[in-house]
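Enquirer:
Residue numbers (the UniProt record's numbering): 1 to 439.
#1: Expressed to the nearest angstrom, what Euclidean distance is found between the alpha-carbon atoms of residue 15 and residue 89?
#2: Indicate the three-state DSSP secondary structure (helix, strand or coil) for residue 119 in the structure shown.
#3: So, with DSSP's three-state summary, where would you put residue 186?
#4: Considering just the uninterrupted stretch of the alpha helix (DSSP H) at residue 432, what are its terminal residues?
#5: Between 119, 426, 218 and 404, which lies nearest to residue 414 when the distance is taken from Cα to Cα?
#6: If I follow the unbroken beta strand (DSSP E) through residue 194, where does it start and stop?
#7: To which residues does DSSP link residue 422 through a beta bridge?
#8: Three or more C-beta pairs closer than 8 Å, one from the region 383-396 and one from the region 404-414: is that the case here?
#9: Can you confirm whether the region 88-107 touches the region 173-183 when touching is taken to mean that 3 or more C-beta pairs between the two stretches lie within less than 8 Å?
#10: Shortest alpha-carbon distance to residue 79 belongs to which of 99, 125 and 199?
#11: If you scan the region 379-408 from start to end, which runs of the beta strand (DSSP E) of 3 or more residues do you find wholly inside it?
#12: So, using beta-carbon positions, are residue 164 and residue 106 closer together than 8 Å?
#13: Out of curiosity, what's the CA-to-CA distance linking residue 160 and residue 65?
#14: State the beta-bridge partners of residue 214 as determined by DSSP.
#15: In angstroms with no decimal places, state the Cα-to-Cα distance between residue 436 and residue 81.
#16: By the 10 Å Cβ neighbour count, where 16 or more other Cβ atoms means buried, how is residue 421 classified, buried or exposed?
#17: Can you list, in chain order, the residues of its chain whose CB lies under 6 Å from that of residue 43, leaving out five sequence neighbours each side?
#18: Taking the alpha-carbon positions, what's the residue 59 to residue 124 distance?
#19: Between residue 48 and residue 72, is the Cβ-Cβ spacing less than 8 Å?
#20: Within its chain, find whatever has a CB closer than 6 Å to the CB of residue 442; leave out the 5 residues flanking it on each side and keep chain order.
#21: Whose C-alpha, out of 212, 382 and 114, is nearest the C-alpha of residue 108?
#22: Can you round the beta-carbon distance between residue 423 and residue 369 to whole angstroms, since I take them to be within the 8 Å contact cut?
#23: Write down the C-beta distance between residue 34 and residue 113 rounded to the nearest angstrom, noting that I regard them as a contact closer than 8 Å.
#24: I need the straight-line Cα distance from residue 137 to residue 365, nearest angstrom please.
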């Protein structure tokens with residue numbers, strides 16, 4: 001082998017540089033998927049708006065349950081591959097999966113941090129929301145979070161029904177721990193290689209400022225966007241239908257004068273009001289006789305005076321009385337129109353909306369039975385000891401008060417059921433009054 005068959009060091013370095021550049025270019029092309037590869041900018045904006053509206057309603061429902069201000073805002077749409085989920089969620093999270101049973105065919109997966117789930121559960125159970133860092137998520141906490149998510153997604157489904165103009169219903173949400181590094185919860189994920197991830201900022205009072213993540217299949221996301229955009233394209237169609245309507249009205253005006261020529265027998269009752277018609281020629285720009293004033297109350301423009309005086313002069317004097325009536329001649333008759341008011345329609349608003357009421361049936365409320373009350377001085381309270389007797393403002397045998405969220409709704413008598421105290425309701429307000437008291 002001659003020296004010409006060997007590569008110089010410069011040639012070897014050039015080949016190595018070219019190989020490294022080719023490898024880096026190939027690796028960059030095989031990087032994480034981009035959202036623009038799956039969703040157009042319009043589809044991204046539509047998904048963000050859908051999430052903004054639906055989770056706005058969900059935040060209101062969660063705020064009612066927790067008694068805290070809840071904000072779920074700032075949706076960010078991105079794409080995440082299945083193999084990237086383990087890097088996205090390196091620590092255990094709580095996953096809530098919801099199946100759509102009506103309106104759509106898809107799965108909605110919500111993922112929140114375990115610490116956030118513990119705070120929500122503690123608030124649901126009447127706590128302050130201050131949980132220890134090393135505390136574990138018990139079964140009771142999981143059940144409480146599941147109920148909170150049930151209310152949130154139920155309210156979200158109602159908003160989706162309004163957005164898409166179709167009935168949307170969901171199955172009761174399932175909940176599990178998502179610990180992908182240890183393989184826990186992986187079987188609960190939808191069988192998709194790529195997901196649409198919508199991240200929301202979750203703020204609950206001064207306790208939580210975190211992120212709520214929503215995972216959707218790409219096909220399901222596109223289905224929602226297509227339905228939404230398709231619905232908006234159909235709406236402008238009825239617009240051109242409205243212009244022909246006013247075009248037909250002038251034709252009806254030309255046909256109305258002969259219709260009003262029929263009440264000739266009424267002329268005998270109203271000859272006296274003909275005198276006030278003398279000053280009416282002020283309204284006649286064409287200087288015609290009082291017949292011009294007989295036609296304005298017919299609701300006609302100035303086109304009719306040229307047609308009617310030719311052969312309808314003896315027919316219109318009976319119709320002259322409406323002229324002084326409409327132009328201020330007789331105030332008594334104009335007042336008779338005022339009683340046309342429908343005050344009784346306010347009763348319809350008192351009927352409860354069953355569709356909205358059904359969404360609130362699973363909300364827990366605090367029921368208290370109050371035996372009685374009294375007032376004591378601080379001195380008396382400090383003197384209390386074991387065996388002290390406190391006299392209440394209720395008489396023996398008098399019905400006790402039943403309160404829901406500290407609002408009186410019923411009265412009853414104390415009974416004993418299997419060694420436990422109970423109350424038999426003897427008097428209760430109506431369902432409508434109960435709903436109003438709970439508002």
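Quick reminder that beta carbons are idealized off the backbone N, C-alpha and C, glycines included.
Expert: On the basis of the coordinates in this document:
#1: Rounded to the nearest angstrom, the two C-alpha atoms are 41 Å apart.
#2: For residue 119, the secondary structure class from DSSP, reduced to helix, strand or coil, is helix.
#3: Looking at residue 186 - three-state DSSP - the assignment turns out to be helix.
#4: DSSP places residue 432 inside the alpha helix (DSSP H), whose first and last residues are 431-438.
#5: The shortest C-alpha separation from residue 414 is found at 426.
#6: Element bounds for residue 194: 194-204.
#7: In the DSSP output, where bridge partners are listed per residue, residue 422 has 415.
#8: Result no; under three Cβ-Cβ pairs closer than 8 Å.
#9: Yes, they touch.
#10: Of the candidates 99, 125 and 199, the one whose C-alpha sits nearest the C-alpha of residue 79 is 199.
#11: Positions of the beta strand (DSSP E) runs, each at least 3 residues long and wholly inside the region 379-408, are given as 400-404 in order along the chain.
#12: Not in contact: residue 164 and residue 106 (Cβ atoms no closer than 8 Å).
#13: If you take the alpha carbons of residue 160 and residue 65, they lie about 21 Å apart.
#14: Note: residue 214 is bridge-paired with 110 and 198 in the DSSP secondary-structure output.
#15: The alpha-carbon of residue 436 is positioned some 49 Å away from that of residue 81.
#16: By the neighbour-count rule (16 or more Cβ atoms within 10 Å), residue 421 is not buried but exposed.
#17: The beta carbon of residue 43 sits closer than 6 Å to the beta carbons of 225 from its chain, once the five residues preceding and following it are set aside; these are given in chain order.
#18: Each residue's alpha carbon lies about 14 Å from the other.
#19: Using a Cβ distance threshold of 8 Å, residue 48 and residue 72 do not count as a contacting pair.
#20: Past the edges of the chain, shown from 1 to 439, lies residue 442, and the structure says nothing about it.
#21: In this structure, 212 is the residue among 212, 382 and 114 with its C-alpha nearest to the C-alpha of residue 108.
#22: Confirmed, about 5 Å.
#23: Rounded to whole angstroms, the Cβ separation of residue 34 and residue 113 is 26 Å, and the two are not in contact under 8 Å.
#24: Residue 137 and residue 365 have their alpha carbons spaced roughly 24 Å apart.
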